[in-house]
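Here's the structure, in structure tokens; my notes come after.
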DNA sequence: TATTTATATACGCACTTTCGTATATTCGGC
DNA sequence: GCCGAATATACGAAAGTGCGTATATAAATA
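Protein chains in written order, with this note's numbering: chain F, 1 to 138; chain R, 139 to 276.
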């Protein structure tokens with residue numbers, strides 16, 4: 001049933017945080033990675049989980065994959081995303097995520113960010129796992 | 139997190155159907171059993187799951203256990219139960235459950251049903267697994 | 001074309017969930 | 001106190017989930 005599948009997507013904190021951020025704006029994986037401060041593989045896996053169940057869409061833009069909430073989510077998903085927004089308003093974790101996103105994008109739309117390069121210096125450098133790990137091996 | 143725990147409760151069909159019915163009225167296990175047509179142990183297990191997470195309350199009334207939605211569900215649970223009601227309005231399974239409940243109680247409150255005996259003849263007889271299984275063994 | 005960057009997938013392990021079988025508990029009536 | 005009805009709990013198997021390590025792919029660029 002559609003509703004069950006939606007709730008299965010919602011019962012993980014990382015996925016809730018991703019959906020909260022995507023409700024603000026479409027984002028690439030490295031944006032999510034740097035805001036959530038989770039390893040890339042974890043973010044990708046959760047995005048794959050969401051995509052398999054129709055909770056997000058994915059489009060390639062040059063080297064970046066842009067994830068977004070579906071244009072026509074259907075009534076159940078729509079209702080639950082609204083409900084999620086209500087529930088999340090008072091929660092410090094979700095608020096902080098939104099603040100970081102605002103800081104990262106400075107209010108500019110994703111398209112513009114992509115033109116400038118998706119994740120400039122500080123973003124990649126701020127990842128929780130050492131970036132360019134392969135490059136450091138001789 | 140509270141929200142996650144709520145969504146974990148919502149991501150099973152049997153539990154959704156139970157919550158849908160409890161949103162109409164407090165009910166005893168045998169009511170749920172006969173409406174859902176699931177084995178007793180399955181219903182009890184899901185009720186235990188819900189109770190552990192504060193999604194339902196339980197009170198004994200003579201030999202019956204009465205389950206109900208909590209009096210003060212808190213904002214997240216309240217929002218999600220409302221959202222669930224929205225999502226469920228158009229679904230035939232949930233509608234049928236409500237119709238069966240209406241038929242079973244004929245609009246009378248649970249208290250009155252309990253006075254008369256919780257689950258009179260036809261209800262227990264309609265269970266999917268043979269009732270009184272132990273009694274049939276010599 | 002070789003390398004780097006961004007991202008996805010494969011695989012394995014620990015943990016959780018679902019559900020069935022069997023057994024225990026609790027209450028009311030005899 | 002015994003029995004039956006209503007309900008709960010224990011336990012084990014099968015499936016699903018979360019996550020880490022390692023590897024693959026795809027685009028950009030030197």
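Backbone N, C-alpha and C fix where the C-beta goes; we use that ideal spot for every residue, glycine too.
query	result
Residue-chain proximity (residue 235 of chain R, chain F), Cβ-Cβ < 9 Å	no
Closer than 9 Å to chain R by CB, residue 55 of chain F	no
Residue 242 of chain R to residue 101 of chain F span [Cα, whole Å]	53 Å
Beta-carbon proximity list for residue 23 of chain F, same chain, < 7 Å, skipping 5 on both sides	69, 81, 85
Closer than 9 Å to chain R by CB, residue 10 of chain F	yes
CB contact flag (residue 87 of chain F, residue 151 of chain R, <9 Å)	no
Chain R contacts from the stretch 71-82 of chain F (Cβ-Cβ distance under 9 Å)	75, 76, 79, 80, 82
Whether residue 193 of chain R touches residue 147 of chain R by CB criterion (9 Å)	yes
C-beta neighbour in chain R for residue 13 of chain F, strict 9 Å	yes
Cutoff 9 Å: residue 225 of chain R Cβ touching any chain F Cβ	yes
Neighbourhood of residue 180 of chain R by C-beta distance below 8 Å, restricted to the same chain and skipping five residues each side	152
Whole-angstrom C-beta distance between residue 235 of chain R and residue 185 of chain R, which should lie under 8 Å	At roughly 15 Å, the Cβ-Cβ gap does not stay under 8 Å, so residue 185 of chain R and residue 235 of chain R are not in contact.
Run of the beta strand (DSSP E) containing residue 60 of chain F, from where it starts to where it stops	57-61
Contact with chain F by residue 141 of chain R, beta-carbon distance below 9 Å	yes
Host alpha helix (DSSP H) of residue 99 of chain F (start-end)	92-105
Coarse secondary structure for residue 83 of chain F, derived from DSSP in three states	helix
Residues of its chain near residue 140 of chain R, where Cβ-Cβ distance is below 6 Å and the 5 sequence neighbours each way are ignored	214
Residue 11 of chain F to residue 40 of chain F span [Cα, whole Å]	20 Å
Interface partners of residue 154 of chain R on chain F, CB under 9 Å	1, 3, 4, 7
Helix, strand or coil at residue 68 of chain F according to DSSP, with G and I counted as helix	strand
Buried/exposed call for residue 217 of chain R, threshold 16 Cβ in 10 Å	buried
Contact set for residue 66 of chain F: own chain, Cβ-Cβ below 6 Å, skip 5 residues either direction	26, 28, 59
Minimum Cβ-Cβ distance from residue 88 of chain R to chain F less than 9 Å	This structure gives no information on residue 88 of chain R, because the portion of chain R shown stretches from 139 to 276.
CB contact flag (residue 6 of chain F, residue 37 of chain F, <9 Å)	no
N-terminal and C-terminal residue of the alpha helix (DSSP H) that residue 38 of chain F is part of	Element bounds for residue 38 of chain F: n/a, residue is neither H nor E.
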